[in-house]
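Visitor: Pasting in a structure now, in structure tokens, and then I'll have a few things to ask.
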Amino acid sequence: MSPEDAPAQPDPTDAGHARTDAGEVRVRPEPSANGKPLISAEHLKLYFPVKSGVLIDRTIAHVHAVDDVSLELTEGQTIGVVGESGCGKSTLARCMVRLLEPTEGSLRFRDRDITHLGRRQLSSFRTEVQLVFQDPVSSLNPRKRVGQIVGTPLRLHGMARDKAQARVRDLLARVGLNPEHVNRFPHEFSGGQRQRIGIARALALDPRLIVLDEPVSALDVSIQAQVINLLDDLQDDFGLSYVFIAHDLSVVRHVSDWIAVMYLGKIVELSPARELYDKPIHPYTEALLGAIPIPDPKENRARDRLVVGGEPPNPINPPQACRFHTRCPRATDVCRTVEPPLAEYAGGHVAACHHPMSVSEDEVKRATRSSLSPLSAGRLLPNGQEAPEGSEAAA
Amino acid sequence: MAERLLEVESLQVSFATEDGLVRAVDDVSFTLDRGEVVAIVGESGSGKSVSVMTLMGLTRGNNSRFGGSARLLGKDLISASEHDLERIRGKEIAMIFQDPISSLSPVHRIGDQIVEQIRAHEDISKAAAFDRAVELMERVGIPRAADRARAYPHEFSGGMRQRAMIAMALSLSPSVLIADEPTTALDVTIQAQILEEIKQLSGSGESGVIFVTHDLGVVADIADRVIVMYGGRVVEQGTLDEIFYDPQHPYTWGLLGSITRMDREPPRRLPSIPGLPPSLVNPPEGCHFRPRCPHEFEQCPKVPGLEARVDGSPEHKDRCWLSLEEKRKRRVVGDQIGLARETVIG
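Below, the structure written as structure tokens:
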């Protein structure tokens, strides 16, 4: 598929993007659940076995890396996934590109079930979904020239050598590298440039979806901005969808339409990007936001922070019921006994908490049980009512 | 007036390499008082880490050349003999590194590593030193410290390892603590906890802290004074508020402008500094920032001096040829993201 076939993207100059006096402000189209889902995960689980034994490896436990996650990404949009290390966000990313096979649940790409497809059957899917890695040093083969690195996917999918070479040059130019540098090795480039090579390689096959696993974490601040701007441009030009994994909430805010917050393998909050920062519902989200220092000394001093002590518990044996209760300042008995379902508030903002923050009593009253809720979650909503069986089917 | 701990004067560090002489640090001067946190900010290759490692004597080698002086409580660290340094290092000046897993020995228990450091400098029994190690680990917030002291580094999480590093650095109550990107590898929630520990340490007036980082959010949280480095040189230094609300150097403007802020509506495009940091083997003539600077003019091929240019604040210095009026006219520091909007247009 060529870029021209892509669904029409909002023109940067039309009403979707308004220019204000304060400079150009990014106004993304309202995130809606009505668009066509590009990729959707339903009750996705991935458990890694923990093995032990001298001669015979026996599985003694499982790491609950991704534990019943449901997500949907609409064509042309970006979903950001954030959380501390070990929360399962990278594993989720690797599941979504099918580098890993989910233990349970299902994964659909454009209405095709790809959960358990084999290597050969995945071949067409591979051209549509690509991954960009965090570390631009170890994700590029040091013995291959840039031309080979970017051109290999093209050759593997049957493009003739001379055509592939021309395409590689186009791609390099597109990501802001000098096409003359096709014969250089990765070590001859700086970190930001290497990340651009990784992006060019991901673009080679004209994918619909790119999963970005911490694509800017290893870069300097001024270079981060360059790479993010590039990703923005590429999304507009090629109508790409992104899954953007990061631990840096400020970067995620810039690129995402939706943001999912993960904790110990579960989604605790999923919100339109704009709302998450002004209106965090889950105390964990609030804690994450509060932990980020604001780069403005006066505001930083004036700020009242919710500081969460301790560290995430072991995902081999996660806490019962609400997984955050061991660190949560608002935890009560119900948090230790009933796993909170994902309650859906206005605007599609969902959060799994018995004691939601920043929402009015009225909003809590109107909350419904979201169909994204894990199967193991209880039916008790934050308003104290039990959601009737089957009430969420219409989501 | 707090006690002056450290006086660094025109420090120069260069390394002879196959490609030529790398001027990693070129004329860096600053001071550190007791109870103060001085942040050194810059991109990779700006010379921030080499500066502080030189203070610890960690850049000494056959191919390194030094210039200038760094006096710790009157003693020069640059010209000190290796023998003298050994006595100072750990006891009067200690360092926390970015990557705790590679700076702790994987084959020794955490407690024993702290004990070793204490006993290298003080004549006390192993048992007494171990008790002190446990006490230190408790102080930096390691739960069940008595048990954990018998654990190996791989049994610790990243945050706990960094706490163990801090405990070790504090074991001899050093006057100067150098923290080289101590929270870069950590999650934000753990970062907040570690920063709190470091703040308490300087707040108690016990030590002075030099905090090396590239994260301006962390700087705003922890620093009293800020040094901005670029291409091996200090391009601007001043108090925290001076740097954030009255920045003088175009590079500082760019740095402040390229911050993404999570508490603001994001701009359509992130302001970024075009181009790449300079090569230190073959740096641009004159101002090192010149090739990336949108305000370049005919003066710039000459090296500007680090001078105080703002009336009334002699400690706020910058290295730029533009006049004060020109700067105030041209400066658009992160206006898009609302940073310091009210103070910027002087």
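So the sequences go chain by chain: E and A.
Residues in the first sequence are numbered from -8 upward in steps of one, following this note's numbering.
Residues in the second sequence are numbered from 15 upward in steps of one, following this note's numbering.
Positions of the beta carbon are idealized from the N, C-alpha and C atoms, including for glycine.
Everything numeric in this text was worked out from a predicted model, so none of it was measured.
(1) Under a Cβ-count criterion, where at least 16 other Cβ atoms within 10 Å of its own Cβ denotes burial, should Arg247 (chain A) be classed as buried or exposed?
(2) Roughly how many angstroms separate the alpha carbons of Gln251 (chain A) and Lys289 (chain E), rounded to a whole number?
(3) How would you call Val233 (chain A), buried or exposed, if buried means at least 16 neighbouring beta carbons within 10 angstroms?
(4) Determine the extent of the alpha helix (DSSP H) in which Glu354 (chain E) is found, giving its start and end residues.
(5) Helix, strand or coil for Asp197 (chain E)? Go by DSSP, reduced to three states.
(6) Could you tell me whether the segment 72 to 79 of chain E touches the segment 303 to 315 of chain E, where touching means 3 or more Cβ pairs closer than 8 Å?
(7) Beta-carbon separation of Leu290 (chain A) and Ser181 (chain E) under 8 Å?
(8) Starting from the beta carbon of Gln217 (chain E), find every residue of chain A whose beta carbon is closer than 7 Å, and list them in chain order.
(9) Mark Lys341 (chain A) as exposed unless 16 or more other C-beta atoms lie within 10 angstroms of its C-beta, in which case mark it buried.
(10) Under 8 Å between beta-carbons, which chain A residues line up against Ser213 (chain E)? List them in chain order, please.
(11) Suppose you measure from the CA of Ser139 (chain A) to the CA of Arg85 (chain A); what does that come to, to the nearest Å?
(12) Could you give the residue range of the alpha helix (DSSP H) that holds Arg89 (chain E)?
(13) Is the distance from the Cβ of Ile258 (chain E) to the Cβ of Ala264 (chain E) below 8 Å?
(14) Roughly how many angstroms separate the alpha carbons of Arg49 (chain E) and Phe225 (chain A), rounded to a whole number?
(15) Just confirm the distance between the C-beta atoms of Ser43 (chain E) and Glu63 (chain E), as a whole number of angstroms; I'd bet it's less than 8 Å.
(16) Give a yes or no on whether the C-beta atoms belonging to Ser327 (chain A) and Glu256 (chain A) are separated by under 8 Å.
(17) On the CB-based measure, 16 or more other CB atoms within 10 Å of its CB, does Pro379 (chain E) come out buried or exposed?
(18) Does any residue of chain E bring its CB to less than 8 Å from the CB of Ile202 (chain A)?
(19) Is Ser241 (chain E) helix, strand or coil when you go by DSSP?
(20) Got a sec: is the Cβ-Cβ distance from Ala234 (chain A) to anything in chain E below 8 Å?
(21) Threshold first: 4 residues or longer. Then list the alpha helix (DSSP H) segments lying entirely within the segment 77 to 137 of chain A, N to C.
(22) Mind listing which residues of the segment 273 to 291 of chain E have their C-beta closer than 7 Å to chain A's C-betas, in chain order?
(23) Checking contacts by CB at 8 Å: is Gly252 (chain A) closer than that to chain E?
(24) Per DSSP, what are the beta-bridge partners of Val42 (chain A) in this structure?
(25) With Leu200 (chain E) and Glu92 (chain E) assumed to form a contact (beta carbons below 8 Å), what rounded beta-carbon distance in angstroms separates them?
(26) Have a look at E:Ile285, E:Asp58, E:Tyr38 and flag the residue whose alpha-carbon is nearest the alpha-carbon of Ile51 (chain E).
(27) Less than 8 Å between the beta carbons of Leu131 (chain E) and Gly67 (chain E), yes or no?
(28) Measuring straight from C-alpha to C-alpha, what distance separates Ser78 (chain A) and Lys331 (chain A)?
(29) Exposed or buried, what is Thr276 (chain E) when buried is set at 16 or more other beta-carbons lying within 10 Å of its beta-carbon?
(30) Should the segment 49 to 66 of chain A be called in touch with the segment 209 to 225 of chain A, which here means at least 3 C-beta pairs below 8 Å?
(31) If you count every other CB in all the chains shown that lies within 10 Å of the CB of Thr68 (chain A), and 16 or more means buried, which is it?
(32) Please identify the residue among E:Thr65, E:Asp239, E:Leu145 whose C-alpha is closest to the C-alpha of Arg117 (chain E).
Guide: So, to answer that:
(1) With a 10 Å radius around the Cβ and a threshold of 16 neighbouring Cβ atoms, Arg247 (chain A) comes out buried.
(2) Within the model, the alpha-carbon separation for Gln251 (chain A) versus Lys289 (chain E) is close to 19 Å.
(3) Val233 (chain A) is buried by the Cβ-count criterion.
(4) Element bounds for Glu354 (chain E): 352 to 357.
(5) If DSSP states are grouped into helix, strand and coil, Asp197 (chain E) belongs with coil.
(6) A contact exists between the segment 72 to 79 of chain E and the segment 303 to 315 of chain E.
(7) Annotated as proximal: Leu290 (chain A) and Ser181 (chain E), with beta-carbon spacing under 8 Å.
(8) Within chain A, the residues Ser286 have their CB atoms less than 7 Å from the CB of Gln217 (chain E), given in chain order.
(9) Buried, by the Cβ-count rule.
(10) Within 8 Å Cβ-Cβ: Glu57, Gly268, Leu269, Ser272, Ser286, Ile287.
(11) Computed Cα separation, rounded: 32 Å.
(12) Run containing Arg89 (chain E): none; DSSP gives neither H nor E here.
(13) Contact flag unset, no.
(14) Their backbone Cα atoms lie some 47 Å apart in a straight line.
(15) At roughly 38 Å, the Cβ-Cβ gap does not stay under 8 Å, so Ser43 (chain E) and Glu63 (chain E) are not in contact.
(16) In this structure, the beta-carbon distance from Ser327 (chain A) to Glu256 (chain A) falls below 8 Å.
(17) Exposed: under 16 other Cβ atoms inside 10 Å.
(18) First, the residue type needs correcting, since residue 202 (chain A) is Val and not Ile in the sequence shown. Judged by the 8 Å Cβ criterion, Val202 (chain A) is in contact with chain E.
(19) Reduced to three states, the DSSP call for Ser241 (chain E) is helix.
(20) The beta-carbon of Ala234 (chain A) is placed less than 8 Å from the nearest beta-carbon of chain E.
(21) For the alpha helix (DSSP H) assignment, the uninterrupted runs of no fewer than 4 residues enclosed by the segment 77 to 137 of chain A are, from N- to C-terminal side, 96 to 102, 114 to 117, 124 to 135.
(22) Here the close residues are Ala278, Leu279, Leu280, Ala282, Ile283, Pro284, Ile285, Pro286, Asp287, Pro288, Asn291.
(23) It does not; no Cβ of chain E falls within 8 Å.
(24) Partner(s): A:Leu25.
(25) Leu200 (chain E) to Glu92 (chain E), Cβ: 18 Å. No contact.
(26) Shortest Cα-Cα distance from Ile51 (chain E) to any of E:Ile285, E:Asp58, E:Tyr38 involves E:Tyr38.
(27) No; because the gap between Cβ atoms is not below 8 Å, this pair is not in contact.
(28) Rounded to the nearest angstrom, the two C-alpha atoms are 28 Å apart.
(29) The Cβ neighbour count for Thr276 (chain E), taken over all protein chains shown within 10 Å, is at least 16; the residue is labelled buried.
(30) The segment 49 to 66 of chain A makes contact with the segment 209 to 225 of chain A; the number of CB pairs closer than 8 Å reaches 3 or more.
(31) Thr68 (chain A) counts as buried, since no fewer than 16 other beta carbons sit within 10 angstroms of its beta carbon.
(32) With respect to the C-alpha of Arg117 (chain E), the residue from E:Thr65, E:Asp239, E:Leu145 having the closest C-alpha is E:Leu145.
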